[in-house]
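Each residue of the sequence shown is one higher than the last, beginning at 401 in my numbering.
All residues carry an ideal CB built from backbone N, CA and C; glycine is no exception.
Being a predicted model, the structure only gives us computed values, none of them experimental.
These notes are about the structure you will find just below.
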Amino acid sequence: DLSANDQSSLPKELREKYVLTRGIGTGVCGEVKLAFERSTCRKLAVKIINKKNFKSEGTATRNAKTEIEILQRVDHPCLIKTEDFYQTDDSYYIVLELMEGGELFQKVKSQQQLKESVAKLYFYQMLKAVQYLHSNGIIHRDLKPENILLSSQEDVCLIKVTDFNQSRILEEASLMRTLCGTPSYLAPEVFTHASTTGYGLAVDAWSLGVLLFVCLGGYPPFHESFGHQSITDQIIRGEFTMVPSKWKHVSDQAKDVVRKLLVVDPSKRMTIEEALQHPWLQDRDMMDTAHRLMYPSGDAAATAAVQVERLATRKRGRDEGDEEEE
Ligand SMILES: CC(C)(C)NC(=O)Nc1ccc2nccnc2c1
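Structural data, given as structure tokens:
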């Protein structure tokens with residue numbers, strides 16, 4: 401009804417350039433509407449972040465500012481791209497490329513569990529996206545199936561990570577400032593792995609382990625309905641169950657990736673780089689498909705990226721005396 405599609409509260413420039421229609425997603429910080437660009441009739445997504453629905457003004461503005469700053473600064477095929485940005489006194493409007501496959505969460509829910517080859521293709525792309533974020537000093541901190549979007553309804557498709565609302569840009573500067581002061585009162589973890597880069601990045605590796613578990617098993621590893629323990633206790637103890645009926649068709653290598661990511665001690669947890677080297681992901685066909693999706697134009701940069709990956713794979717093969725690679 402017209403009231404639901406009330407365009408009057410939108411910024412004038414936004415209204416002039418786009419027509420907003422139905423809601424297609426709701427995030428923790430707002431909602432996403434399907435939009436059409438008037439000049440091209442292109443379909444887009446407009447994410448509306450309501451400044452007021454955060455408890456304290458500080459958090460809201462800082463998180464949203466970080467999210468918008470990150471969205472405008474990152475450039476990777478598996479990270480959602482911002483097309484445009486507007487704001488009013490009470491909301492931010494972020495215009496994003498439309499991901500016609502919707503949320504990974506909905507796909508896993510409707511398909512029960514994904515085929516292992518599809519889960520591997522998606523997981524590889526997530527690893528590449530998070531590897532890019534980490535190499536730019538950004539921790540996502542909120543990786544979950546709702547924040548992984550699919551570019552089409554096909555199984556073989558490009559995925560993109562979204563919702564950097566909880567992200568943090570690694571404040572190396574703040575750590576340096578801390579270390580300049582007198583260390584006498586600083587806790588040990590500030591000096592050990594709990595400082596910014598080492599410790600912080602590992603949280604995304606854990607979340608990717610949970611994501612992979614959900615894609616392969618079709619249910620979450622930690623859930624309040626499992627057993628007597630609270631979900632927090634299950635997580636702190638790293639106690640998850642691979643129900644045989646759901647996991648008997650899943651390869652041991654895939655299970656090994658999950659087990660090495662869902663490790664409680666961040667310093668013992670497999671890193672993103674190590675996960676990219678894991679045997680389960682040394683799959684030429686999957687990688688070729690992923691690169692074709694990520695770099696469709698087949699431009700020089702793309703070819704270079706593929707060559708680098710191939711050389712790395714071949715070098716690893718030689719190092720491990722794998723003759724067939726020669
Ligand atoms: C496929 C269908 C049902 C129309 N859903 C959808 O496009 N969902 C979303 C949800 C959030 C999005 N956020 C950014 C870009 N596209 C998005 C698409």
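query = Are there 16 or more other CB atoms within 10 angstroms of the CB of Gln707, so buried, or fewer, so exposed?
reply = exposed
query = CB-CB under 8 Å to Ser517, same chain, minus the five flanking residues each way: which ones, in chain order?
reply = Met686
key: Segment contact flag, the region 440-453 with the region 487-507, C-beta cutoff 8 Å, min 3 pairs   = yes
ask   = Cα separation between Glu500 and Ala519?
value = 18 Å
request  = Run the CB neighbour count on Gly627, radius 10 Å, all protein chains shown included, and call it buried at 16 or more, exposed below.
outcome  = exposed
key: As assigned by DSSP and simplified to three states, the class of Leu420   = strand
task = Please report the residue range of the beta strand (DSSP E) in which Ser510 lies.
result = Where Ser510 is concerned, there is no enclosing beta strand (DSSP E), although the alpha helix (DSSP H) it sits in stretches over 504-511.
ask   = Where does the unbroken alpha helix (DSSP H) through Ser517 begin, and where does it stop?
value = 516-535
Rounded distance between the beta-carbons of Leu527 and Asp689, thought under 8 Å = Position check: residue 689 holds Thr in this sequence, whereas Asp was assumed. That belief does not hold up - the Cβ atoms of Thr689 and Leu527 are roughly 15 Å apart, past 8 Å.
request  = Report yes if the C-beta distance between Val474 and Leu543 is below 8 Å; otherwise report no.
outcome  = no
inquiry  = Between Gly743 and Val508, how many whole angstroms is the CB-CB distance? I'm expecting something under 8 Å.
reply    = No answer is possible for residue 743: the residues shown for the chain start at 401 and end at 726.
task = Following the continuous alpha helix (DSSP H) through Lys660, name the residue where it begins and the one where it ends.
result = 652-661
CB of Glu546 within 8 Å of CB of Glu503, strictly = yes
query = Since Lys417 contacts Ile424 with CB under 8 Å, what's their CB separation in whole angstroms?
reply = About 19 Å; that fails the 8 Å criterion.
request  = For Tyr695, collect the residues of the same chain with a Cβ closer than 6 Å to its Cβ; drop the 5 residues on either side in sequence, then sort them by chain order.
outcome  = Ala702
ask   = Roughly how many angstroms separate the alpha carbons of Val650 and Leu616, rounded to a whole number?
value = 7 Å
Paired residues, beta bridge with Asp719 - DSSP = Answer is none; Asp719 lacks a bridge partner.
ask   = If you drop the 5 nearest sequence neighbours on each side, which residues of the same chain put their C-beta closer than 8 Å to that of Glu483?
value = Leu444, Val495, Leu496, Glu497
query = Using the rule of at least 16 other Cβ atoms within 10 Å of the residue's Cβ for burial, across every protein chain shown, is Ser607 buried or exposed?
reply = buried
query = Within the present structure, is the beta-carbon of Met499 separated from the nearest heavy atom of ligand 1 by less than 7 Å?
reply = yes
message = Please classify Leu681 as buried or exposed, where buried requires at least 16 neighbouring CB atoms within 10 angstroms.
response = buried
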